[in-house]
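Everything in the sequence shown is counted per the numbering used here, starting at 3 for the first residue and increasing by one.
Each residue gets a CB set at the ideal place from its N, CA and C atoms; glycine is no exception.
Beneath this line is the structure, given in structure tokens, with notes to follow.
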Amino acid sequence: MRRPNPDEWKQLVEEFEASGLTQKQFATRHEVSLSAFQYTLYKKPRSALGRRFESTERPRGRFLPVEVVASPVRRYHAACPKARPTA
């Protein structure tokens, strides 16, 4: 396996996106480690590969307000066979 430099990784990613091959097929053909190739695809920000974020990028997640309410279910004491519901 060879270890491409950052410029080669950029070129490989561009070639992969146009190739139509699976990641495994592409990595094998170019004699690079599949895990290193996947790391380059997913862990490196696109800007590090010399690309801009595209408008199709998913929006970042946001927290939504949540209100917690008491459960209307009555509870029983399991230790006593003739248990009565508690308030």
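#### Entry: The alpha helix (DSSP H) enclosing Ser-73, as first and last residue numbers
As a first step, residue 73 must be located in the sequence shown, where it is residue number 71. Run containing Ser-73: none; DSSP gives neither H nor E here.
#### Entry: CA-to-CA distance, Leu-43 to Asn-7, given in whole angstroms
For the purposes of this step, residue 7 is taken as residue 5 along the sequence shown, with counting starting at 1. For the purposes of this step, residue 43 is taken as residue 41 along the sequence shown, with counting starting at 1. C-alpha separation (whole angstroms): 14 Å.
### Message
Quick check: what's the CA-CA separation for Ala-29 versus Lys-45?
### Response
Mapped onto the sequence shown, residue 29 falls at position 27. Mapped onto the sequence shown, residue 45 falls at position 43. Between Ala-29 and Lys-45, the C-alpha separation is close to 16 Å.
### Query
Around the Cβ of Phe-39, are there at least 16 other Cβ atoms within 10 angstroms (buried) or fewer (exposed)?
The sequence position of residue 39 within the sequence shown is 37, counting from 1. It is buried - the Cβ of Phe-39 has at least 16 other Cβ atoms within 10 Å.
#### Entry: CB contact flag (Ser-35, Met-3, <8 Å)
As a position in the sequence shown, residue 35 is number 33, starting the count at 1. As a position in the sequence shown, residue 3 is number 1, starting the count at 1. Yes, Cβ-Cβ distance for Ser-35 and Met-3 is below 8 Å.
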